[in-house]
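Asks:
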Amino acid sequence: MSDLADTAPDTIPQEAIRVLDRIDQDRKRFKVNLTIAFAVLLAGLLSGFMIIRLDFKFMFNWLGFIMTGIGYTLLVSFLAITLACILAVIGALGRLSGNPIANSMATAYVSLIRGTPLLVQVYMWYLALPQVGKALEELGLQGMQYVFTLPAIPAGVLALGVCYGAYMTETVRAGIQSIKIGQTEAAKALGMTRRQTLRRVIFPQALRVIIPPVSNEFIAMIKDSSLVSLMGVWELSYRAIKIGRRYFQSLEMLIMVALIYWVMCIILQSVQERIESHMARGDRRVS
Amino acid sequence: MSQKRPMIRVKNLHKVFGRDLHVLRGIDLEVKTGEVVVILGPSGSGKSTLLRCVNFLEEPTAGSIEVDGITLSAGERGKARDAHILQIRKKAGMCFQSFNLFPHMTAIENIIEGPLTVLGQSRKDAVPYAEELLEWVGLNDKRDEYPSRLSGGQQQRVAIARSLAMKPKVMLFDEPTSALDPELVGEVVDVMERLANEGMTIIAVTHEMHFARDVADRVVIMDDGNWVEEGPPEEIFTNPKHSRSRQFLAHILK
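Line order of the protein sequences matches chains A and B.
Following this note's numbering, the numbering of the first sequence begins with 135 at its first residue and continues without gaps.
Following this note's numbering, the numbering of the second sequence begins with 1001 at its first residue and continues without gaps.
(1) Take Thr305(A) and list the residues in its own chain whose beta-carbon comes closer than 6 Å to its own, dropping the five residues that flank it on each side.
(2) Tell me Ser1064(B)'s beta-bridge partners as DSSP assigns them.
(3) Three or more beta-carbon pairs under 8 Å between the region 1189 to 1205 of chain B and the region 1156 to 1176 of chain B, yes or no?
(4) Going straight from the alpha carbon of Ser1043(B) to that of Pro1060(B), what length do you get?
(5) Could you check if Val367(A) is buried or exposed, using at least 16 other CB atoms within 10 Å of its CB as the buried criterion?
(6) For a minimum of 4 consecutive residues, which ranges assigned as the alpha helix (DSSP H) are wholly contained in the region 183 to 268 of chain A?
(7) Between which two residues does the alpha helix (DSSP H) containing Trp396(A) stretch?
(8) Quick one: which unbroken alpha helix (DSSP H) runs of 4-plus residues sit fully inside the region 333 to 381 of chain A? Chain order, please.
(9) Using a Cβ-Cβ distance under 8 Å, would Met1166(B) count as near chain A?
(10) If we cut at 8 Å on Cβ distances, does Pro346(A) have a partner in chain B?
(11) What are the start and end residues of each continuous beta strand (DSSP E) run of 3 or more residues lying completely inside the region 1106 to 1187 of chain B, in chain order?
(12) Using a Cβ distance threshold of 8 Å, determine whether the region 1142 to 1155 of chain B contacts the region 1047 to 1061 of chain B, with at least three qualifying pairs required.
(13) Can you find a C-beta in chain A that's less than 8 Å from the C-beta of Thr1238(B)?
(14) Any idea which residues DSSP pairs Met1222(B) with across the strands?
(15) Can you confirm whether Ala323(A), when its beta carbon is compared against all beta carbons of chain B, has any partner nearer than 8 Å?
(16) Comparing C-alpha positions only, which one of Ile1065(B), Arg1157(B), Glu1030(B) sits nearest to Leu1013(B)?
(17) In this structure, does DSSP put Thr303(A) in helix, strand or coil?
(18) Do Val1038(B) and Phe1211(B) have their CB atoms nearer than 8 Å?
(19) For Thr1206(B), does the three-state DSSP call read helix, strand or coil?
(20) I'd like to know if Gly366(A) contacts chain B, where contact means its C-beta is closer than 8 Å to some C-beta of that chain.
(21) Considering Cα atoms alone, identify which of Arg329(A), Tyr298(A), Met302(A), Pro338(A) is closest to Ile313(A).
(22) Using a Cβ cut-off of 8 Å (strictly closer), state whether Lys339(A) contacts chain B.
(23) Quick one: is Tyr381(A) buried, meaning 16 or more other Cβ sit within 10 Å of its Cβ, or exposed?
(24) Under the rule that 16 or more other beta-carbon atoms within 10 Å means buried, what is Gly1041(B), buried or exposed?
(25) What in chain A is Cβ-close to Phe1173(B), meaning under 7 Å?
(26) How long is the line joining the alpha carbons of Ile235(A) and Thr303(A), rounded to whole angstroms?
(27) Note down the Cα distance separating Val397(A) from Met239(A), rounded to an integer number of angstroms.
(28) The alpha helix (DSSP H) that contains Lys1032(B), what's its start and end?
(29) With a threshold of 16 other CB atoms inside 10 Å of the CB of Met387(A), please say whether the residue is buried or exposed.
(30) Which one of Asn350(A), Gly267(A), Ala354(A), Leu252(A) has the shortest CA to CA distance from Gln279(A)?
(31) Could you spell out the range, first to last residue, of the beta strand (DSSP E) harbouring Ile313(A)?
(32) Quick check on the burial criterion: 16 or more other C-beta atoms within 10 angstroms. Buried or exposed for Pro1128(B)?
(33) Taking Arg329(A) as the query, report the chain B residues whose CB atoms sit under 8 Å from its CB, ordered along the chain.
(34) Is it right to say Thr331(A) is buried, meaning 16 or more other beta carbons lie within 10 angstroms of its own, or is it exposed?
(35) Using the Cα positions of Phe1096(B) and Ile215(A), report the straight-line distance between them to the nearest angstrom.
(36) Pull out every residue of the region 290 to 322 of chain A whose Cβ sits closer than 7 Å to any Cβ of chain B, in chain order.
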């Protein structure tokens, strides 16, 4: 296509140029209209805020206090997604394993965790686990109650990490299986072991496939991390809810915290796009 | 040539897929060191499966395979068998119809991958030889390109270089030109021909008639999982003994 345009631009007939111009115009008009539509939406939202007489001053005063909660939100999310990634890789290898023990354990893990609400799991780690420790202690295992009684943040990280690890196990498994059989055969034909094949050939390619869904999970986790507020961790939403209740201005606080989450997710999304375009370097045909 | 010891010896090879798809029905094949053998036959006759059994990409159901002194029988199990398979694969390079280059690696990275990962060489040792090979297949200017930016013929030549980097004793070609546009076939066949002239032992499944007629020492004809006949190319192409060979050759030589 581009070759034709390069070598013989003067042979394009007038009427074709008119059609091309119109296509360009349509494209430009769509962009302009889209921008206008977004501006109208934003204006509508802002005037909606005015109509319900949102107390902007109150929001501004508490902004700093709420924002300090971002630290906990990000800390919990990063630790939990790291744990989830590790569990997902182990889980996926288990799901694809020919070893009956590994395979059954991974399958049971995914089934159990995906089949129960995250909320129940959070309470399980935080409230129910100490009881297990107590039972073990009574059996004569010293110090178990101490080990099994988790502070809020570790409990939250474990709950989120284990839960997302189960979902991501399936993502990683699908990513590994999406790599064409010819890749495995080429690696085998070179004399690579199964482990070498996975590490050198399959994983690097699967990674590119699973980056978008894993980023999605991470964005979802940023929001689900608000569940640790149930255990009294002073993260974003806990602060907003507390302050909102105290001054009977929950609307302002909730809108503000929602906007903060939104902005965080938009930033993460742009990071995801960067990573994706970096990972796609082997795909690109034109530099 | 006849005094040389066999590089490959396939004995009574059977391959059954599932329970009733009998793809290879007792194949025997010997290939001497330095010999170039082309396997011909209609599609579905088991040529590719035979080739893929030699380096155990397909598990033989019965029979035995010997490559450069390493013998493995079908049905063996255990650690020793796995080690033998890896040894055989190091000795037998393979080129595929669909090239199967690693898309996340550049041409040079593809070529040094085997030496680094399988042979444990250092990058410093592997790169010069890889560059030599790239030059040998005529692609030194594509050293740092990713496969997606190479033509099919170029990809196949990199794939050949990748196999050669392992310094194999024998090369297996599984329809190396079938996925190529007609004008790109020549460059790949040319590389295969030079490889043959340098004394490489080759088994090739190919419909490339120039290679079968002018480069091969021996042509084997297969049909429906059976060995039909074999002989020097001039004999097979001018005077096939078996009626099934005649039918098949009449079809492809038209």
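Note that the Cβ used here is the ideal one computed from N, Cα and C, for glycine as well.
Please read these numbers as outputs of a predicted model, since none were measured by experiment.
Replies: With the structure as the only source:
(1) Around Thr305(A): Ile344, Pro347.
(2) According to DSSP, which records beta bridges pairwise, Ser1064(B) is partnered with Lys1011(B), Ser1073(B).
(3) Three or more beta-carbon pairs separated by less than 8 Å link the region 1189 to 1205 of chain B to the region 1156 to 1176 of chain B, which places the two stretches in contact.
(4) Those two C-alpha atoms are separated by around 20 Å.
(5) Per the 10 Å Cβ criterion, buried.
(6) Complete alpha helix (DSSP H) runs here, min 4: 190 to 201, 204 to 229, 234 to 248, 252 to 257.
(7) 384 to 413 is the extent of the alpha helix (DSSP H) around Trp396(A).
(8) List check, alpha helix (DSSP H) in window: 337 to 358, 370 to 381.
(9) Met1166(B) counts as touching chain A.
(10) Judged by the 8 Å Cβ criterion, Pro346(A) is not in contact with chain B.
(11) Complete beta strand (DSSP E) runs here, min 3: 1170 to 1174.
(12) The region 1142 to 1155 of chain B, when compared against the region 1047 to 1061 of chain B, does not touch it at the 8 Å Cβ threshold.
(13) No, no contact with chain A.
(14) DSSP lists Trp1227(B) as the bridge partner or partners of Met1222(B).
(15) Yes, Ala323(A) lies at the interface with chain B (some Cβ there is under 8 Å from its Cβ).
(16) Of Ile1065(B), Arg1157(B), Glu1030(B), the residue nearest in Cα terms is Ile1065(B).
(17) Correct three-state label for Thr303(A): helix.
(18) Yes, the Cβ-Cβ distance between Val1038(B) and Phe1211(B) is below 8 Å.
(19) Three-state DSSP puts Thr1206(B) in coil, outside helix and strand.
(20) Gly366(A) does not count as touching chain B.
(21) Looking at the Cα atoms, Pro338(A) is the closest of the given residues.
(22) According to the sequence displayed, residue 339(A) carries Gln and not Lys. So, interface residue.
(23) Around the beta carbon of Tyr381(A), fewer than 16 other beta carbons lie within 10 angstroms, which makes this residue exposed.
(24) Gly1041(B) sits buried, since 16 or more C-beta atoms from the chains shown fall within 10 Å of its C-beta.
(25) Residues of chain A passing the Cβ test: none, with the nearest at roughly 12 Å.
(26) Straight across, the Cα-Cα distance linking Ile235(A) with Thr303(A) is about 17 Å.
(27) Met239(A) has its alpha-carbon roughly 39 Å from the corresponding atom of Val397(A).
(28) In the DSSP annotation of this structure, Lys1032(B) is not part of any alpha helix (DSSP H); the continuous beta strand (DSSP E) holding it starts and ends at 1021 to 1032.
(29) Buried, by the Cβ-count rule.
(30) Of all alpha-carbon atoms in Asn350(A), Gly267(A), Ala354(A), Leu252(A), the one lying nearest the alpha-carbon of Gln279(A) is that of Gly267(A).
(31) Counting along the chain, Ile313(A) sits inside no beta strand (DSSP E), nor does DSSP assign it H or E at all.
(32) With fewer than 16 other Cβ atoms from the protein chains shown falling within 10 Å of its own Cβ, Pro1128(B) counts as exposed.
(33) Within chain B, no residue comes near Arg329(A); the closest Cβ sits about 10 Å away, beyond 8 Å.
(34) Within 10 angstroms of the beta-carbon of Thr331(A) lie 16 or more other beta-carbons, which makes it buried.
(35) In this structure, the alpha-carbon of Phe1096(B) lies about 39 Å from that of Ile215(A).
(36) Look at the region 290 to 322 of chain A: the residues with a C-beta under 7 Å from a C-beta of chain B are Gly316, Gln317, Glu319, Ala320, Lys322.
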